Amino acid sequence: MQADVWNILDTCAFFTQIHPTGKLATVTNIDEEIINRQSKQYYTNLKSKGLKIIEPSEKSLEFVSKKATETGDYDVLSSIDLKILALGYELKGNVISDDFAIQNVSLHMQLEIIGCNGNKIKEIRKWKYKCSACNKITSKKETKCSFCGSKDIFRIKAK
Ligand SMILES: [Zn+2]
């Protein structure tokens, strides 16, 4: 691993305390998701050792929202998740996360993704939406099936 590459830490990095070393960054408001005392302490320690807290730009957030819509992950991402992705995009860094949707969108943006167990993930998954009444499959999420009008639509793996 290159030493000068940024590592963008999602919450799991603070819980597990397993992540690459080197240049570390995370997003503003992540401390709201770090609830237990041990993780909070770890977060504070990392900050004193140079962990950067960065607020990504609106432009990057817009970009990653678009990318997340393309993979079908947008609906399950929190605002902090989107910030992690936006920061990964801005710093061209490794995204350190166990969140499946974050991993998926990162791969879609050609970012390196590392799980909090240290594993690298390589496979992108695209989602589709299936109407449970008539089985019509669409690539975009609809609140109502355009074919039969049913509201019972669920997410399926596209491949
Ligand atoms: Zn239908």
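Residue numbers 153 to 311, in the working numbering, belong to the letters of the sequence shown in order. Cβ atoms here follow ideal geometry from the backbone N, Cα and C, with glycine treated the same way. Small disclaimer: the values here were computed from a predicted structure and weren't measured.
Quiz prompt | Span of the beta strand (DSSP E), counted from its first residue to its last, around Tyr281 | solution = 279-283
Exercise. Report the rounded CA-to-CA distance for Asp227 versus Lys235, giving the unit in angstroms.
Key: 14 Å
Quiz item: In terms of DSSP beta bridges, what is Asn159 paired with?
Solution: Leu176, Asn246
Exercise. Please check the pair Gly174 and Asn197, which I expect to be a contact at CB under 8 Å, by giving their CB distance rounded to whole angstroms.
Key: The Cβ separation is near 16 Å, so there is no contact.
Quiz item: Who are the Cβ neighbours of Glu207 in its own chain at under 6 Å, not counting the five residues just before and after it?
Solution: Around Glu207: Thr180.
Quiz item: So does Ala285 have its beta carbon nearer than 7 Å to some heavy atom of ligand 1?
Solution: yes
Quiz item: Apart from the five residues just before and just after Asn188, which ones in its own chain have a Cβ nearer than 8 Å to its Cβ?
Solution: Phe167
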